[in-house]
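Novice:
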Amino acid sequence: YNWRFVTEEVDGQVQYEYAEEFAKRMKEKSDGAVNIDVYEFGGLGSETDQVEQLQNGAVELAVMSPGFTGNMVKEGQIFALHFLFPDDVEKTQEILNTSEALNTDLRERYEEYSISPLSYWTEGAMQWTSSGTALEEPSDFQNFKMRTQTSPLILESYKAYDADPTPMSWSELYTALDRGTVEGQENPIFFIGDASFYEVQDYMTVSNHNNYVAMTTVNTEWYEGLNDDMKAMVDETVEEMQEWVFEEQKSQNEEWLETIKNDEENPTEVIELTKEQREMFKDKAMPVRDFYRENVSTVDGEILDKLQEEISSAGE
Ligand code: 6CS
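Position in the sequence shown (first residue = 1) + 11 = this note's numbering.
1. Quick check on the DSSP output: what are the complete alpha helix (DSSP H) runs of length 4 or more inside the segment 208-243, in order along the chain?
2. Isoleucine 126 bridges to which residues according to DSSP?
3. Are the CB atoms of glutamate 71 and tryptophan 14 within a distance shorter than 8 angstroms?
4. Kindly examine the ligand 6CS and report whether one of its heavy atoms sits closer than 7 angstroms to the Cβ of glutamine 138.
5. For serine 141, which residues does DSSP report across the bridge?
6. Is it buried or exposed, alanine 44, if we count other Cβ atoms within 10 angstroms and call 16 or more buried?
7. In chain order, what residues of the same chain have a beta carbon less than 8 angstroms from the beta carbon of lysine 295, not counting five sequence neighbours either side?
8. Is glutamate 19 near the ligand ATP, with its Cβ less than 7 angstroms from a heavy atom?
9. According to DSSP, is valine 310 helix, strand or coil?
10. State the beta-bridge partners of methionine 75 as determined by DSSP.
11. Taking 8 angstroms as the limit between beta carbons, can you name the residues of its chain near threonine 248, skipping five residues before and five after?
12. Using only the heavy atoms of the ligand 6CS, determine whether one of them is closer than 7 angstroms to the beta carbon of tryptophan 267.
13. Kindly list the residues whose CB is nearer than 8 angstroms to the CB of leucine 184, restricted to its own chain and excluding five residues on each side of it in sequence; keep chain order.
14. Cβ of arginine 233 within 7 angstroms of any heavy atom in the ligand 6CS?
15. Are the beta-carbon atoms belonging to tyrosine 12 and asparagine 67 less than 8 angstroms from one another?
16. Relative to the alpha-carbon of leucine 315, which residue among Gln88, Asp151 and Tyr50 has its alpha-carbon at the smallest distance?
17. Distance, Cα to Cα, alanine 174 vs asparagine 154?
18. Consult DSSP for glutamate 283 and reduce its assignment to one of helix, strand or coil.
19. When we look at the beta-carbon of asparagine 264 and count the other beta-carbons within 10 Å, is it buried (16 or more) or exposed?
20. Considering only the alpha carbon of each residue, which of Ser324, Ser57, Glu63 and Phe16 lies closest to aspartate 48?
21. Return the CA-CA distance between valine 299 and glycine 81, expressed in angstroms with no decimal places.
22. Which of helix, strand or coil does DSSP assign to valine 249?
23. So is glutamate 101 buried or exposed if we call it buried at 16+ other beta carbons inside 10 Å?
24. In terms of DSSP beta bridges, what is isoleucine 47 paired with?
25. Can we count tyrosine 223 as close to the ligand 6CS, meaning its CB is less than 7 angstroms from some heavy atom?
26. Between which two residues does the alpha helix (DSSP H) holding methionine 37 run?
27. Considering only their Cβ atoms, is the gap separating tyrosine 214 from leucine 146 smaller than 8 angstroms?
28. Leaving out five residues on either side along the sequence, give the residues of the same chain with a beta carbon under 6 angstroms from the beta carbon of valine 256.
29. Taking contact to mean at least 3 C-beta pairs separated by less than 8 angstroms, is the segment 219-232 in contact with the segment 115-133?
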């Protein structure tokens with residue numbers, strides 16, 4: 012067996028390390044019968060190009076962010092909603108692991124497009140970085156040029172703060188921040204560090220406004236065509252990797268926070284939002300859920316309702 016696994020990140024970053032570890036485990040389990048070539052981001056085009064490659068079977072496996080599928084799988088934009096998941100990243104991961112809304116209902120929506128999400132995992136809480144303006148209150152976002160991924164609901168979430176969002180691939184983001192084409196962006200801390208965004212930004216706001224969720228996806232027809240043993244081996248590896256990747260993102264995020272704080276050559280002011288400031292953002296963000304229910308969801312918000320119930324019965 013020779014399979015291709017594409018990720019949206021480069022060597023050393025969480026998605027890439029995930030794919031390498033996945034490949035290693037599959038090789039071991041199959042006594043060398045399964046060889047998986049892992050591709051770094053960039054060589055096969057943009058994040059949205061990679062979505063197409065998975066759909067048409069040019070690659071068998073992909074780590075994919077729902078933030079790049081929103082023009083197609085409308086329901087997947089549920090992850091664009093701010094302050095939806097618990098503030099605690101571990102609790103969020105628990106919900107991603109067990110949620111029927113996501114692992115059954117949302118998965119079916121993706122499968123209509125030949126994408127099977129086998130698991131959802133967090134790459135850490137997202138934070139804002141900015142130049143010129145420190146982002147502390149919704150009013151700081153007034154006309155603020157914010158880079159986002161391509162899902163329309165992400166743009167909507169920033170319009171709710173009166174910002175001026177622009178969708179873009181991350182391959183263009185460093186230059187765009189450096190030149191001021193955009194003034195800020197959102198990402199987990201490890202990515203703000205490893206992609207050097209903080210070097211061309213003045214502030215990092217620890218906002219924890221959302222979680223960065225990635226999906227381990229496979230081409231649906233390819234996956235359905237695997238024999239039972241092989242499918243079981245893939246499923247087992249996907250399952251094992253949930254704990255592995257949680258630890259990986261955790262240590263990368265912790266290490267990068269220290270590096271960013273202590274990098275004297277590239278000073279970045281790290282701002283923690285107060286409870287009151289977070290509440291102000293939350294108030295502005297809530298109507299976006301109604302927008303999702305009324306204008307985005309093709310199933311009348313059923314998946315969101317179910318997910319919200321799962322979150323509240325988990326004690327949040
Ligand atoms: O900001 C982005 O678009 C990129 N961020 C992460 C954490 N992974 C890949 C993605 O394309």
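Each residue gets a CB set at the ideal place from its N, CA and C atoms; glycine is no exception.
Treat the numbers as computed from the prediction; the structure is a model and nothing was measured.
Specialist: So, from the listed chains and residues:
1. For the segment 208-243, whole alpha helix (DSSP H) runs of length 4 or above, ordered along the chain, are 231-235.
2. Asn230
3. yes
4. no
5. For serine 141, which the question treats as bridged, DSSP gives the partners Gly195 and Tyr214.
6. Looking at its Cβ environment, which holds fewer than 16 other Cβ atoms inside 10 Å, alanine 44 is exposed.
7. Pro149, Ala171 and Tyr172
8. For the ligand ATP, the structure offers nothing, since it holds only the ligand 6CS.
9. coil
10. In DSSP, methionine 75 forms a bridge with Met226.
11. Phe33, Arg36, Met37 and Lys40
12. no
13. Taken in chain order, the residues that qualify are Arg158, Val193, Gln196, Ala206 and Phe208.
14. With the sequence shown as reference, residue 233 is identified as tryptophan, and arginine is not the correct amino acid for it. Checking every heavy atom of the ligand 6CS against the Cβ of tryptophan 233, none is found closer than 7 angstroms.
15. no
16. Gln88
17. 5 angstroms
18. Strand.
19. Around the beta-carbon of asparagine 264, 16 or more other beta-carbon atoms lie within 10 Å, marking it buried.
20. Phe16
21. 15 angstroms
22. helix
23. exposed
24. Trp14
25. yes
26. 25-40
27. yes
28. Tyr29 and Trp132
29. yes
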